[in-house]
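K.L.:
Take a look at the following structure, please.
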Amino acid sequence: MDKTQFAILVVDDEADIREVLEIALTDIGHRVFSAPDGKTALDLFEKQHPAIVITDIKMPVMDGIELLKQVKRQSPDTQVIMITGHGDMDLTIASLKFGAADFITKPVNVDILELAVVKAADRLIAQQKLAEYTRKLEMLVLEKTKLTSHLSSLGLMIGTVSHNIKGLLTNLDGGLYLARSGLRRNSPSDTADGLDMLSRAVEKIKQMIMDILMYAKERPTDIQPVPAKKFLADIEETMAVKVSRHAINFQVRSDQAPDSLYLDAASMMSALVNILDNAVDACLEDKDKKRHHICLTIGQKETSLVMEIQDDGCGMDVETKAKIFDLFFSSKQVKGTGFGLFIARNIISQHQGTIAVESVKRRGTTFTILLPLKQ
Ligand SMILES: Nc1ncnc2c1ncn2[C@@H]1O[C@H](COP(=O)(O)OP(=O)(O)O)[C@@H](O)[C@H]1O
Ligand SMILES: [Mg+2]
91 MDKTQFAILV VDDEADIREV LEIALTDIGH RVFSAPDGKT ALDLFEKQHP AIVITDIKMP
151 VMDGIELLKQ VKRQSPDTQV IMITGHGDMD LTIASLKFGA ADFITKPVNV DILELAVVKA
211 ADRLIAQQKL AEYTRKLEML VLEKTKLTSH LSSLGLMIGT VSHNIKGLLT NLDGGLYLAR
271 SGLRRNSPSD TADGLDMLSR AVEKIKQMIM DILMYAKERP TDIQPVPAKK FLADIEETMA
331 VKVSRHAINF QVRSDQAPDS LYLDAASMMS ALVNILDNAV DACLEDKDKK RHHICLTIGQ
391 KETSLVMEIQ DDGCGMDVET KAKIFDLFFS SKQVKGTGFG LFIARNIISQ HQGTIAVESV
451 KRRGTTFTIL LPLKQ
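With the working numbering as the guide, the letters of the sequence shown map in order to residues 91 to 465.
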């Protein structure tokens, strides 16, 4: 016999029968409540949520069938055992229809009562096991779905990265060849060109590896107050190197900036540099203008820190604009990985921020980032 204890509600209009049932069930270790009619029973049921209800089929106020219906509607798993008398055949059949678990006949035999309770208890335990099993199964299915999607993005990543590395290897080979032949033929300009090609390829590889590391690592965001001056000076320094070889002006406007920024400085820096790198690429792509301008403006509006990155580069069409935040989307063939904006947006949303973009083809692009001013 199962030793699990249950809360049992006993319902009968005859006090004697209630008492016999209560004593018998308490003796075998269950917690028992009792009620003289269906209506009282229902109130008690709502308060105590017993797992088993044992009810007389014929009672004043609300009969056993009505009680059975209401209990099953509220709690389909509850086991309802009906107590039937002679000549209750129609009612017995009706209670079968409404999901009664079992029947015991009057006068109640205690052994039969115990047996009915044990059977009900077994069903309850089986139901619990089934529910647990279903929950585990659902979790497994969810894990499998997640794993499959991780695997497929991993596959996509390996493909993209290998493709990019292959392109960059060609550049490295070319640079090496040029530098070597420059040295052999004593041509400083060929040597310098070769070295330039090498250093650009190395720079690209570095950026790609940094992006992959940023993508692979799930580092918790560590938001701290950071002096705006220091943060912006770091960006200016990084960007100065990137634009030095080109006809691009890079400017930071920070007169409206707060003194402290609440950021994870390292990750926000990498988000901004990714956006600024794209701005540089867009300026180089645009052959219409001789000189280009990139501007980072930082200010505040209501409770938000507003950062705007504006370029007058090649801009983009509506179809491109719709895809730029997708992982692996790039319009740059070998030169792009499609990591940058995906990572940037993740970092910004880890800061409870948003990023939006406005762009006009051949005119330029503006990214607007909103972050909470304070955390
Ligand atoms: N400032 C910009 N001007 C024009 N196009 C841009 C700009 N920033 C991003 N894009 C577009 O968004 C795409 C995705 O950018 P990103 O995720 O950084 O990948 P990647 O730079 O490796 O191509 C770019 O390939 C480009 O088409
Ligand atoms: Mg990029």
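All C-beta atoms in this analysis are idealised placements derived from N, C-alpha and C, irrespective of residue type, glycine included.
(1) At what residues does the alpha helix (DSSP H) containing Met179 begin and finish?
(2) Could you tell me if Thr168 is buried or exposed, where buried requires 16 or more neighbouring beta carbons within 10 angstroms of its beta carbon?
(3) At a threshold of 8 angstroms, does Ala361 count as lining ligand 1 (C-beta to nearest heavy atom)?
(4) Using the beta-carbon count (16 or more within 10 Å), is Thr145 buried or exposed?
(5) In its own chain, which residues sit with a C-beta less than 7 angstroms from the C-beta of Gln423, not counting the 5 before and 5 after it?
(6) If you run the structure through DSSP and keep just helix, strand and coil, what is His120?
(7) Is any beta-carbon of chain C found at less than 9 angstroms from that of Thr456?
(8) Is Leu461 near Met359, with beta carbons less than 9 angstroms apart?
(9) For Lys209, collect the residues of the same chain with a Cβ closer than 7 angstroms to its Cβ; drop the 5 residues on either side in sequence, then sort them by chain order.
(10) For Val408, which option in Arg452, Thr130 and Ile384 has the closest C-alpha, if you only look at C-alpha atoms?
(11) Below 7 angstroms CB to CB, which residues in the same chain sit around Gly403 once its five sequence neighbours on both sides are set aside?
(12) Taking the runs of the alpha helix (DSSP H) that are 4 residues or longer, which of them lie wholly in the stretch 262-350?
(13) For the candidate residues Leu351, Asp345, His336 and Thr410, whose alpha-carbon lies nearest to that of Lys379?
(14) Determine, using beta carbons only, whether Leu258 and Ala291 come nearer to each other than 9 angstroms.
(15) Which residue comes first and which comes last in the beta strand (DSSP E) that contains Met172?
P.N.:
On the basis of the supplied data:
(1) Met179 to Lys187
(2) With 16 or more Cβ atoms within 10 Å of its Cβ, Thr168 is classed as buried.
(3) no
(4) Buried: at least 16 other Cβ atoms inside 10 Å.
(5) none
(6) Three-state DSSP puts His120 in coil, outside helix and strand.
(7) In the displayed structure, chain C is absent; only one protein chain is listed.
(8) No Cβ-Cβ contact shorter than 9 angstroms links Leu461 with Met359.
(9) Excluding sequence neighbours, Lys209 sits near Asp192.
(10) Arg452
(11) Ala369, Ala372, Cys373, Glu375, Asp376, His382, Gly454 and Thr455
(12) 278-306 and 318-333
(13) His336
(14) yes
(15) Gln169 to Thr174
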